[in-house]
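*Asks:*
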Amino acid sequence: MTVSMGLRDAGMEVVFGGFQSIEEIVKTAIEEDVDIIGMSIHSGAHLAHTRNLVSLLEQKGLKNRFMILVGGAIPEVDFEELKKIGAANVYGPGSLIKDIVAFIHEHLDQK
Amino acid sequence: MFEKEAIKEIEERQKEWEKRVEKCKERDIEFVTDSGIPVKTLYTPADIKNHDYLRDVGFPGEPPYARGIYLNMYRGRLWTMRLFSGFGTPEETNERWKLLYREGETGFSAAVDALTFNGVDPDDPRGIAEVGTSGVPLYCIDSMYALTQGLPIDKISVALIVEPFTSCPICAMYFNMAKNKGIDLKTLMGTCQNDILTMTLGFVPFENVAPHHLLKLACDLIEWTVAMKNVPKWHPINFTTYNYREGGITAIQELGFGFANAIAHIDELLSRGWKIDDFVGRLAFHLSAHKDFFEEIAKYRAARRIWYKLMRDKYEAKDPSSYQFRFHIQTAGSSLTAQQPMVNIIRTAIQALEAVLGGCQSMHTNSYDEAMCLPSEEAVLLALRTQQVIAEETRVTNTIDPLAGSYYVEWLTDEIEERVWKYLDKIEAHGGIVGGLESGWLFSEMRDAFHRRQTNIEEGREKVIGVNIYVTEEEPHTQVFRTNPRAAEIEIERIKKLRARRDNKKVQEFLDELRNVCDRGENVMPVIMEATKEGATLGEICDVYREVWGTWSPPMLT
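From first to last, the protein sequence lines stand for chains G and U. Each residue of the first sequence is one higher than the one before, starting from 1 at the first, in my numbering. Each residue of the second sequence is one higher than the one before, starting from 112 at the first, in my numbering.
1) Looking only at DSSP bridge pairs, what is G:Asn89 linked to?
2) Ends of the alpha helix (DSSP H) at U:Arg213?
3) Taking a Cβ distance cut-off of 7 angstroms, strictly less, list which residues of the stretch 84-111 of chain G are near chain U, in chain order.
4) Let me know the secondary structure DSSP gives U:Asn305 once reduced to three states.
5) Do the stretch 338-358 of chain U and the stretch 388-401 of chain U touch if we need at least three Cβ pairs shorter than 8 angstroms?
6) Any beta carbon from chain U within less than 8 angstroms of G:Ala29's own beta carbon?
7) Look at U:Ile456 and U:Leu493 and say whether their C-beta atoms are less than 8 angstroms apart.
8) Rounded to whole angstroms, what's the CA-CA distance from U:Asp295 to U:Ala289? Just pull it up for me.
9) Anything in chain U within Cβ reach of G:Val77, meaning under 8 angstroms, just list it in chain order.
10) Do you know offhand how far U:Leu262's Cα is from U:Thr204's?
11) Taking the alpha helix (DSSP H) that G:Val26 falls in, what are its first and last residues?
12) With which residues is U:Arg193 paired in a DSSP beta bridge?
13) Just to confirm, is the Cβ distance from U:Ile652 to U:Pro280 under 8 angstroms?
14) Can you say whether U:Phe276 is buried or exposed, counting buried as having 16 or more other CB atoms within 10 angstroms of its CB?
15) With a cut-off of 8 angstroms, does the C-beta of G:Ser55 fall near any C-beta of chain U?
16) Do you know offhand how far U:Ser433's Cα is from G:Ser55's?
17) Does the count of Cβ pairs from the stretch 335-349 of chain U and the stretch 385-395 of chain U closer than 8 angstroms reach three?
18) Rounded to the nearest angstrom, how far is the Cβ of G:Ile22 from that of G:Ile37, given a contact under 8 angstroms?
19) Starting from U:Ala642, trace the alpha helix (DSSP H) in both directions and tell me its first and last residue.
20) Could you give the first and the last residue of the continuous beta strand (DSSP E) run that contains G:Ser40?
21) Going along chain G in order, which residues have a C-beta closer than 8 angstroms to the C-beta of U:Pro666?
22) Taking all protein chains shown into account, decide if U:Thr442 is buried (16 or more other Cβ within 10 angstroms of its Cβ) or exposed.
23) When you compare the CB of G:Gly6 with every CB in chain U, is at least one pair closer than 8 angstroms?
24) Given this structure, state the Cα-to-Cα distance separating U:Tyr581 from U:Leu165, to the nearest angstrom.
25) Under 8 angstroms: do the stretch 617-626 of chain U and the stretch 638-653 of chain U share three or more Cβ pairs, one atom per stretch?
26) Three Cβ pairs or more, each shorter than 8 angstroms: is that satisfied between the stretch 147-161 of chain U and the stretch 506-525 of chain U?
27) Among the candidates U:Arg572, U:Pro248 and U:Ala362, whose CA atom is the shortest distance from the CA of U:Ile601?
28) Taking the beta carbon of U:Lys410 as the centre, do at least 16 other beta carbons fall within 10 Å, making it buried, or is it exposed?
29) Going by the C-beta, is U:Glu600 closer than 7 angstroms to any heavy atom of the ligand NAP?
30) Check the Cβ of G:Asn52 against every Cβ in chain U and list those closer than 7 angstroms, keeping chain order.
31) Residues of chain U with CB closer than 7 angstroms to the CB of G:Phe19, please, in chain order.
32) What are the boundary residues of the alpha helix (DSSP H) that U:Thr662 is part of?
33) I need the boundaries of the alpha helix (DSSP H) containing U:Leu381, first residue and last residue.
34) Applying the criterion that 16 or more other CB atoms from any shown protein chain within 10 Å of the CB defines a buried residue, is U:Val638 buried or exposed?
35) Go to U:Asn509, then tell me how far its beta strand (DSSP E) extends in each direction, as first and last residue.
36) For the beta strand (DSSP E) containing U:Met474, list its first residue and its last residue.
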């Protein structure tokens, strides 16, 4: 929510999905034709959800269609694994929105 | 309280002193409370010159209860040390509870997983990744047996941290389990959160029903347990201002939301024909202990006085227990950092001290690793020891409300009270809690607060050690507590066995009856007691709610 507000302030269009299953997230992303899927996970299940998201996108032939960002209560020791699975970047507690904005501009604008 | 002449002299001297102090250079920060209340350099008797001690402060256990709700407070009995915990499976959670009990915990508290919170069974394919991750899965009576096995739940109270969408079935499972164990429900102690704002403002809900249905369900539980005296020692609701404070609202808004929420429930129960003293003495609150030491203490003192006045003036309660503002404390999770996590131990200790100096009835202290994962055994024991150090070593419990009479604390207590009354009026003007939720106004209050706090941190106005000040290079914290990766498998097996064992025809009949009860707007508890006894699951019951009332998504980012 905080991130959504911050990204809006930075001039981006944000679709706040609420609490959704992976299937709903992918459906929303396709319908809204977004560039980025951001998932906020605080339960500890970040590895499983990210794996499920990536494999559903692969099944649908949408691998690499969206930039995936993952944030939440995620221990730093899991950052590398999440990136291996397919997250472009990971934001743990204490992340600043300005850094997220900078990352998006740097990596998305090149596309 | 003070002689007029003396006050006059103090005011004159104060003016002179202020002139002198103006010449001193101040550090370049804004001197305000966490809620933005401007704070003066010094407070004197002149700041509380209108205080009438007996009217405004009084004695513990007597109106206006500013100093505490019981006559002898901690000299009689310490607060309940109740650590919110749950993960993996009910069996694993039971082991953690036993460990905490052996180490001196005096109350249990169940943290449930996201599926239980949202009324989804563990065999729903959409939710398998979440089983047992953020809490314990509790979705049938069998889970309740496993959770409490070997624990003295006839003597020690259990808190079930579930919200109105799921509180009736989960409490019913717990009550049935206790009854089957031979415990008289008339003596059963415990509490549940049952707070409509938690699953709307505090968390993003997944396929819950609209706020006015949640209010109905919350009140059904209060009515059935307390007003109808089926489980008279239960605390059927805790207005959990903690959960929304975590999003960044101020201490003023925290109390405003809490009292407005209580008003909505009280009005609903009065409209059902109950009298205020039939139920209000069992309503409780769950507040935050946040970062501003004195503001939080003043907040607890103000809250007690506001509640007393609300009950006395607005509701004309007569029973003294209706006047007593009871509250549980959770130290502020949002003040913890993943960076330099050991610093969290210090933060938590200071916040816990606020709660004790403020006269809380029970407390959860956060573990230092909670910004990263669920508490490890080592971290949770340190969190419990934090409370025990305050209770056993510091002697702060020797005397009641030791900060009373501090010019600053008394002034701040008055200031907070006044601001809360004004904010309460504002909430009422927006249609109260239910109106404010359905129109989206409360979400915009929350959203602005989220945004304000994040901006304050990003711009350095709110200092956070390890994040925007005293940042150090550090190795990632490797001791990450992981929940049981087999939890989903275990729970799917449990639910399979249950479905094979139970009389499915009978369960279906009770679920059909529940549908009728919901349609007719009657209290759902009697039929849910029957259904859960027969083995109906949480998901099955919540699906009936969804079917009858439809699901609701909060108007969050509009």
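We treat Cβ as the ideally placed atom computed from N, Cα and C, and that holds for glycine.
*Replies:* Reading from the atomic positions:
1) Paired residues: G:Leu69.
2) Pro201 to Arg213
3) Gly92, Pro93, Gly94, Leu96, Ile97 and Lys98
4) coil
5) Between the stretch 338-358 of chain U and the stretch 388-401 of chain U there are three or more inter-stretch CB-CB distances shorter than 8 angstroms, so the stretches are counted as touching.
6) no
7) yes
8) Distance between the alpha carbons of U:Asp295 and U:Ala289 is about 8 angstroms.
9) Pro587, His588, Thr589 and Val591
10) 12 angstroms
11) Ile22 to Glu32
12) Looking at the DSSP output, U:Arg193 bridges to U:Gly218.
13) yes
14) buried
15) no
16) 56 angstroms
17) yes
18) Their Cβ separation, rounded to whole angstroms, is 10 angstroms, which puts G:Ile22 and G:Ile37 out of contact at 8 angstroms.
19) It spans Met636 to Lys644 - the alpha helix (DSSP H) in which U:Ala642 sits, taken as one unbroken run.
20) Ile36 to Ile41
21) What U:Pro666 touches in chain G: nothing, since even the nearest Cβ is about 11 angstroms away.
22) The Cβ neighbour count for U:Thr442, taken over all protein chains shown within 10 Å, is at least 16; the residue is labelled buried.
23) Chain U, which has a Cβ nearer than 8 angstroms to the Cβ of G:Gly6, makes this yes.
24) 47 angstroms
25) yes
26) yes
27) U:Pro248
28) buried
29) By its list of ligands, the structure shown contains no ligand whatsoever, and the ligand NAP lies outside what it can speak to.
30) Ala240
31) Val315, Pro316 and Phe317
32) U:Thr662 -> no alpha helix (DSSP H), and no H or E assigned at all.
33) Ala362 to Ser382
34) buried
35) Where U:Asn509 is concerned, there is no enclosing beta strand (DSSP E), given that its DSSP letter is neither H nor E.
36) Ser473 to His475
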